[in-house]
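S.K.:
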Amino acid sequence: MKNTFLKTFGTATMTILLMAAFAQISVFAQEDIVKQDQSEAQTEGELFPTRGRNRRTLEGTWDVQVTVRNCQTGAAIRTFPAMGTFMSGGTALVSESGIPSALKTPAHGVWSHIIGNAYRFKTKAFNFDASGNFTGWIIINNEANLNHRADEFTSAGIAEVYAPNGNLLFTGCSTLAATRFE
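Take the sequence shown: its letters are residues 50 to 231, numbered as in this note's numbering.
1. Kindly give me the distance between the Cβ atoms of residue 127 and residue 117, rounded to whole angstroms, as I take these residues to be in contact under 8 Å.
2. Give the DSSP-derived three-state secondary structure of residue 107 in the structure shown.
3. I believe residue 158 touches residue 170 by the beta-carbon criterion, under 8 Å. Please report the beta-carbon distance rounded to the nearest angstrom.
4. Where do the N-terminal and C-terminal ends of the beta strand (DSSP E) with residue 199 fall, by residue?
5. Helix, strand or coil: how does DSSP classify residue 150 here?
6. By how many angstroms is the C-alpha of residue 226 removed from the C-alpha of residue 173?
7. Where does residue 203 sit, in a helix, a strand or coil, going by DSSP?
8. For a test of the three-state rule: what should DSSP assign to residue 122, helix, strand or coil?
9. What residue from 191, 131, 203 and 146 has the CA that sits closest to residue 221's CA?
10. Nearest to residue 136 by alpha carbon, out of 124, 213 and 106?
11. Roughly how many whole angstroms lie between the Cα atoms of residue 166 and residue 201?
12. Taking only the alpha-carbon atoms, compute the straight-line gap between residue 91 and residue 109 and give it to the nearest angstrom.
13. What residue range is occupied by the uninterrupted beta strand (DSSP E) comprising residue 179?
14. Output needed for residue 139: all residues of its chain with C-beta closer than 7 Å, excluding positions within five of it in sequence on either side, in chain order.
15. Over the uninterrupted beta strand (DSSP E) stretch that includes residue 221, give me the two end residues.
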C-alpha cells in the first residue's frame with residue numbers, strides 16, 4: 050500500500066513539476082515575443098505595438114472611400130465613405146454611408162488571400178424601402194491589392210442587386226481606396 054501511494058504520489062509530483070517547467074518556458078517565449086514587438090514598434094515609430102497582428106494581411110479595420118463607377122466608361126458617378134473590418138478566419142463586416150442605414154443592413158462577408166498582396170472579398174447586405182419593406186439584397190465582389198507597407202489597399206468590384214425573389218435586377222461597378230484604421 051505504501052509503495053503504491055509513493056509511486057502514485059511520485060508520478061503526480063513529477064507530472065506537476067514537468068507541467069510547471071513547460072509553462073515557464075512558454076511564458077518566457079511569450080515575453081520574448083512581446084519585447085521583440087515593442088522593440089520593433091519603437092524602431093518603426095509606431096504608437097501601439099503590433100503583437101498578434103500580421104502586418105502583411107488584409108486583417109484589420111479600414112477607412113474606405115467607395116467610388117461608384119459607370120461600368121462601360123469607368124467614369125465616377127459618386128463617392129462616399131465606408132468602413133470595413135476583415136477578421137481572422139476570413140470573415141468581414143462592412144458599413145457604408147452611400148445608402149441610409151434605415152434602407153440597408155451592414156454587409157457581412159468573407160475574404161481570402163489570392164497570392165502575394167492580392168485578396169478577394171465578397172459581402173452581402175439586405176435592402177429595404179422607405180416604409181421598411183424588404184426589397185432584396187446586394188452582393189459585392191472585390192479584388193484588392195495591398196501596398197507593401199500593408200497600410201493601404203485599392204480595389205475594384207462588381208455589385209449585383211437582387212429582387213426579393215432572387216432575380217438579378219442590375220449590375221454596377223465600383224473602386225475602393227482604403228487606409229488602415231489605427
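The beta carbon of each residue, even a glycine, is placed where N, CA and C say it ideally should be.
The structure displayed is predicted, hence computed values, not measured ones.
M.R.: Checking against the coordinates, here is how it stands:
1. Taking the first residue of the sequence shown as 1, we reach residue 127 at position 78. Taking the first residue of the sequence shown as 1, we reach residue 117 at position 68. Indeed they touch by this definition, with Cβ atoms about 5 Å apart.
2. On the sequence shown, residue 107 is found 58 positions in, with the first residue counted as 1. Here residue 107 sits in coil by DSSP.
3. Translated into the one-based positions of the sequence shown, residue 158 becomes position 109. Translated into the one-based positions of the sequence shown, residue 170 becomes position 121. Right, the Cβ-Cβ distance comes to about 6 Å (below 8 Å), so this counts as a contact.
4. Locating residue 199 in the sequence shown gives position 150, counting from the first residue. Where residue 199 is concerned, there is no enclosing beta strand (DSSP E), given that its DSSP letter is neither H nor E.
5. By one-based count along the sequence shown, residue 150 stands at place 101. Helix, per DSSP.
6. Sequence index remark: in the sequence shown, residue 173 carries index 124 (1-based). Sequence index remark: in the sequence shown, residue 226 carries index 177 (1-based). Whole-angstrom Cα-Cα distance: 20 Å.
7. Taking the sequence shown and counting its residues from 1, the one referred to as residue 203 is at position 154. In the structure shown, residue 203 sits in a strand (DSSP, three-state: E or B).
8. By one-based count along the sequence shown, residue 122 stands at place 73. Residue state, collapsed to three classes: coil.
9. Against the sequence shown, residue 221 aligns to sequence position 172. For residue 221, the nearest C-alpha among the options comes from 191.
10. Along the sequence shown, one-based indexing puts residue 136 at 87. Cα-wise, what sits closest to residue 136 is 106.
11. Taking the sequence shown and counting its residues from 1, one reaches residue 166 at position 117. Taking the sequence shown and counting its residues from 1, one reaches residue 201 at position 152. One C-alpha to the other measures close to 11 Å.
12. Position 42 of the sequence shown, counted from the start, is the residue given in the question as residue 91. Position 60 of the sequence shown, counted from the start, is the residue given in the question as residue 109. With a pLDDT of 46 at residue 91, under the threshold of 50, the modelled position of that residue is not reliable, and no figure is offered here.
13. Along the sequence shown, read from residue 1 onward, the residue named residue 179 stands at position 130. First-last for residue 179: undefined, no H or E at that position.
14. As a first step, residue 139 is located in the sequence shown; it is residue number 90 there, counting from the start. Answer for residue 139: 159, 160 and 161, listed in chain order.
15. Walking along the sequence shown from the start, residue 221 turns up at place 172. Per DSSP, residue 221 is one residue of the beta strand (DSSP E) stretching across 217-229.
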